[in-house]
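J.: Mind having a look at this structure? Questions to follow.
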Amino acid sequence: MSNNQEAGKIDFLSKAMIFALVSVLVSVGSVVEIAFDGFNYGIDFAGGTEIQVQFNESVDTGRVRKFAGDLGYSNASVQSFGEGENEFLVRLAAIQAKSDEESNKQQNAMIKQITSGLSSEFSSAGAVIRRVDSVGPQIGDELKRNGLLAAFYALLMILIYVGLRFDFKFAPGAVFCLFHDAIITMGIFALLEREVNVTTMAAILTIIGYSLNDTIVTFDRIRENIVVLRGKPFDLIVNRSINDVLSRTILTSLTTLIAVAAMYFLGGGVIKDFAFTLGIGVFVGTYSSIYVASPLVIFVDRLQKAQSAKPA
Numbered sequence: 023m024s025n026n027q028e029a030g031k032i033d034f035l036s037k038a039m040i041f042a043l044v045s046v047l048v049s050v051g052s053v054v055e056i057a058f059d060g061f062n063y064g065i066d067f068a069g070g071t072e073i074q075v076q077f078n079e080s081v082d083t084g085r086v087r088k089f090a091g092d093l094g095y096s097n098a099s100v101q102s103f104g105e106g107e108n109e110f111l112v113r114l115a116a117i118q119a120k121s122d123e124e125s126n127k128q129q130n131a132m133i134k135q136i137t138s139g140l141s142s143e144f145s146s147a148g149a150v151i152r153r154v155d156s157v158g159p160q161i162g163d164e165l166k167r168n169g170l171l172a173a174f175y176a177l178l179m180i181l182i183y184v185g186l187r188f189d190f191k192f193a194p195g196a197v198f199c200l201f202h203d204a205i206i207t208m209g210i211f212a213l214l215e216r217e218v219n220v221t222t223m224a225a226i227l228t229i230i231g232y233s234l235n236d237t238i239v240t241f242d243r244i245r246e247n248i249v250v251l252r253g254k255p256f257d258l259i260v261n262r263s264i265n266d267v268l269s270r271t272i273l274t275s276l277t278t279l280i281a282v283a284a285m286y287f288l289g290g291g292v293i294k295d296f297a298f299t300l301g302i303g304v305f306v307g308t309y310s311s312i313y314v315a316s317p318l319v320i321f322v323d324r325l326q327k328a329q330s331a332k333p334a
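As structure tokens, this is what we get:
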């Protein structure tokens, strides 16, 4: 059997350095974007009040915004929601007071003022309050901290799991791959100024699980081929393993994207945001399992061999 047949039809690793440079540049760019522009936090993390109102007929966004300004809330954010021009999200910043009790009292008064005002001002348009969510600034900070801790602990446990199941030379590639996927997804959110909330964090953790599954399948095949292709160069074994699972990777990604596309185009609100995040994650996760995780396994393997070759 020729080396080309043993290595597989496609030589993925021949362009590994180019893709490694691309990954580093995009990851660094994402970190810079997040550091300088930050995130557009939703009320889950920033605190505040969100009111979802629906009308029986089309209403201009400017009219709803003018209504909020006339009540004294000129900084209120009014965003069209859903497919038509008859549903809106009105967001207001959290109220800071001397005590939590005073903050809650003022918050409740504000909610009552706006909801009753919407019902009376737009009575001819049939205003219906669909939902009111309110989160205090302290609760928002706590949710933000817990979300970051959840992602950190997930990566830590994955590092331990991969190290125990395979070999510790596989673990850095898997964890860096997941960090790569998460940071690029969050960088895109910062660039597009899309809202980051609890649903976004749930989608990020889902992406981590999806990407890990894809990476583990490749690692399993590498471990099997180490035995089958005993004595062959490790680079060749890794490239062959990627080719072996390529059809499975493509089919899994396409199937997942079909489900994500259905949620994005047919769903609305929270479901649409969740699907948007997953869509980015599927693309980035499929790429990273081939061009991030596998080359890093080769890199760590070379480091181990170089260390063992040094004289004592």
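Residue numbers for the sequence shown, in my numbering: 23 to 334.
Built from N, CA and C at the ideal position, the CB exists for glycine as well.
1) Taking the straight line between their C-alpha atoms, what separation do you get for Ser125 and Ala90?
2) What is the DSSP secondary structure of Phe192, counted as helix, strand or coil?
3) Would you please state the rounded distance, in angstroms, between the beta carbons of Tyr335 and Val304? I believe it to be under 8 Å.
4) The alpha helix (DSSP H) spanning Phe321 covers which residue range?
5) Within the region 24 to 79, note down every full alpha helix (DSSP H) run reaching 4 residues or more, in order along the chain.
6) Using the Cα positions of Gly70 and Arg167, report the straight-line distance between them to the nearest angstrom.
7) Check for me: the alpha helix (DSSP H) holding Arg152 runs from which residue to which?
8) With Met113 and Glu72 assumed to form a contact (beta carbons below 8 Å), what rounded beta-carbon distance in angstroms separates them?
9) Roughly how far, in whole angstroms, is the beta-carbon of Phe61 from the beta-carbon of Val218, given that I think they are within contact range, below 8 Å?
10) Measuring only the C-alpha atoms, how far is Phe287 from Glu123?
11) So what does DSSP say about Glu124, is it helix, strand or coil?
12) Report the three-state DSSP secondary structure of Val218 (helix, strand or coil).
13) Are Phe34 and Asn247 touching if we call contact CB-CB under 9 Å?
14) Work out the CA separation of Ala147 and Ser80 for me, nearest whole Å.
15) Taking only the alpha-carbon atoms, compute the straight-line gap between Arg324 and Asp155 and give it to the nearest angstrom.
16) Examine the Cβ distances between the region 33 to 49 and the region 304 to 322 and report whether three or more of them are shorter than 8 Å.
17) Could you say which of Thr278, Pro317, Leu318, Val319 lies nearest to Thr299 if we only look at CA atoms?
18) What residue range does the beta strand (DSSP E) around Gln102 cover?
19) Between the C-alpha atoms of Glu55 and Val250, what's the straight-line distance to the nearest angstrom?
20) Once the 5 residues before and after Ile320 are set aside, which same chain residues still bring their CB inside 7 Å of it?
21) Kindly indicate which residue of Asn235, Asp242, Phe198, Ala115 has the alpha-carbon position closest to the one of Ser275.
T.: According to the structure data:
1) When the Cα atoms are used, Ser125 and Ala90 turn out to be separated by approximately 20 Å.
2) It is coil, neither helix nor strand.
3) Since the first and last residues shown for the chain are 23 and 334, residue 335 lies out of range.
4) Counting along the chain, the alpha helix (DSSP H) containing Phe321 begins and ends at 316 to 331.
5) 25 to 29, 38 to 59, 65 to 68, all fully within the region 24 to 79.
6) Between the alpha carbons of Gly70 and Arg167 lies a gap of roughly 17 Å.
7) Run containing Arg152: none in the alpha helix (DSSP H); it sits in the beta strand (DSSP E), 150 to 157.
8) According to the sequence provided, residue 113 is Arg. The question's Met does not apply to it. Contact annotation, Arg113 with Glu72: C-beta distance approximately 5 Å; criterion of less than 8 Å satisfied.
9) The distance from the Cβ of Phe61 to that of Val218 is about 4 Å, consistent with a contact at the 8 Å cut-off.
10) So the alpha carbons of these two residues sit roughly 42 Å apart.
11) Three-state DSSP puts Glu124 in a helix.
12) If DSSP states are grouped into helix, strand and coil, Val218 belongs with the strands.
13) Cβ distance not < 9 Å, so Phe34 and Asn247 don't count as in contact.
14) Straight-line Cα distance between these residues: approximately 8 Å.
15) CA-to-CA, the gap between Arg324 and Asp155 works out to about 54 Å.
16) Touching, yes, given that three or more Cβ pairs across the two stretches are closer than 8 Å.
17) Measuring from the Cα of Thr299, the nearest candidate turns out to be Thr278.
18) According to the sequence displayed, residue 102 carries Ser and not Gln. Run containing Ser102: 99 to 102, per the beta strand (DSSP E) assignment.
19) Going by C-alpha positions, Glu55 is about 45 Å away from Val250.
20) Only Phe256, Asp257, Val260 meet the Cβ criterion.
21) Ranking the options by Cα distance to Ser275, first place goes to Asn235.
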